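The next block holds one structure in the form of structure tokens; read it before the comments.
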Amino acid sequence: MNIILLGAPGAGKGSQAAKLKEYYGIPHISTGDAFRSNIARGTEIGIYAKSFMDKGQLVPDDVVVRIVAARLAEEDCKKGFLLDGFPRSIPQAEALEKLTKVDYVINFVVDPATVIARLGGRRSCVCGETYHVSTHPSPICDKCGATLFVRDDDKEEIILNRLAVYEKTTAPLQDFYAKRGVLVNVDAAKSVDEVFEEIKSILG
Ligand code: AP5
Ligand code: MG
Numbered sequence: 001m002n003i004i005l006l007g008a009p010g011a012g013k014g015s016q017a018a019k020l021k022e023y024y025g026i027p028h029i030s031t032g033d034a035f036r037s038n039i040a041r042g043t044e045i046g047i048y049a050k051s052f053m054d055k056g057q058l059v060p061d062d063v064v065v066r067i068v069a070a071r072l073a074e075e076d077c078k079k080g081f082l083l084d085g086f087p088r089s090i091p092q093a094e095a096l097e098k099l100t101k102v103d104y105v106i107n108f109v110v111d112p113a114t115v116i117a118r119l120g121g122r123r124s125c126v127c128g129e130t131y132h133v134s135t136h137p138s139p140i141c142d143k144c145g146a147t148l149f150v151r152d153d154d155k156e157e158i159i160l161n162r163l164a165v166y167e168k169t170t171a172p173l174q175d176f177y178a179k180r181g182v183l184v185n186v187d188a189a190k191s192v193d194e195v196f197e198e199i200k201s202i203l204g
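Counting from 1, position 37 in the sequence shown corresponds to residue 37 in full-length UniProt numbering; the numbering is continuous, with no gaps.
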């Protein structure tokens with residue numbers, strides 16, 4: 001099953017991807033995580049991507065497409081994959097069409113006020129786990145014991161920029177995939193477990 005998780009920043013894509021990866025046993029490919037890992041390792045791609053990410057702008061399409069194309073060519077993607085945060089523009093979606101077929105695009109529907117509240121309280125871990133400070137006040141990751149951190153782009157003015165970029169450049173993908181008959185909306189304002197159940201009922 002080749003699945004795209006589409007939705008605004010903070011819609012809950014990463015939280016669901018972690019659960020879906022376990023449940024379906026397919027790899028989770030997050031372009032945001034790939035860039036953050038490059039930043040942590042101080043690679044050339046990381047330094048380049050950081051200059052866009054810190055402003056809440058998109059990293060140029062050619063760089064992102066190259067990373068995804070290389071990852072999709074790996075053996076573990078043959079049985080299916082979960083794309084999280086890619087594609088994010090029409091040119092990225094067109095490039096993906098040349099690489100592989102897409103079975104489902106899960107569209108996370110949620111209002112801007114909710115995502116602002118979610119991102120403002122998000123605490124992230126190097127292991128990839130994500131928490132919200134209201135439900136997990138401890139600064140320590142339950143999974144690996146590392147100290148949680150606030151992502152550089154989870155500051156209010158950057159969050160607003162990311163939302164504006166989403167509306168202008170990424171939201172048109174809803175029509176793009178609806179026309180191809182693969183778009184399914186989920187109510188992403190519900191709890192993590194409820195959203196997970198809804199996605200499972202779609203994917204079977
Ligand atoms: P990326 O890392 O993809 O970030 P994003 O799309 O902005 O999305 P987030 O990770 O912020 O949100 P999420 O939907 O995963 O929510 P989460 O589950 O964490 O991209 C970062 C940057 O990298 C981009 O701005 C860009 O610069 C660059 N980039 C990446 N991909 C690119 C591409 N394809 N092209 C160009 N540039 C690219 O949840 C958020 C919070 O809410 C958490 O605290 C969580 O605990 C909580 N939460 C989640 N679900 C629920 C729920 N149902 N109820 C209550 N709380 C919830
Ligand atoms: Mg994410």
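C-beta: ideal position from N, C-alpha, C; glycine also.
Given the structure is predicted, the values throughout are model-derived calculations rather than measurements.
- With a beta-carbon spacing of about 7 Å, PHE108 and LEU5 fall inside the 8 Å limit used to define contacts.
- If you check the CB distance, VAL59 and ALA49 come in under 9 Å.
- Within the same chain, GLN16, LEU20, ILE106 and VAL186 come within 8 Å of ILE199 by CB-CB distance, once the 5 residues on both sides are set aside.
- Ranked by Cα distance from GLY145, the options LEU160, SER201, CYS127 and GLU74 are led by CYS127.
- Each residue's CA atom was taken as its position, placing LYS13 and GLU44 some 27 Å apart.
- Cβ-Cβ separation between GLY85 and SER51: approximately 18 Å, too far for a contact (criterion under 8 Å).
- In this structure, the C-beta of ALA171 stays at least 8 Å away from each heavy atom of the ligand AP5.
- With three or more CB-CB distances shorter than 8 Å, the region 147–159 counts as touching the region 110–128.
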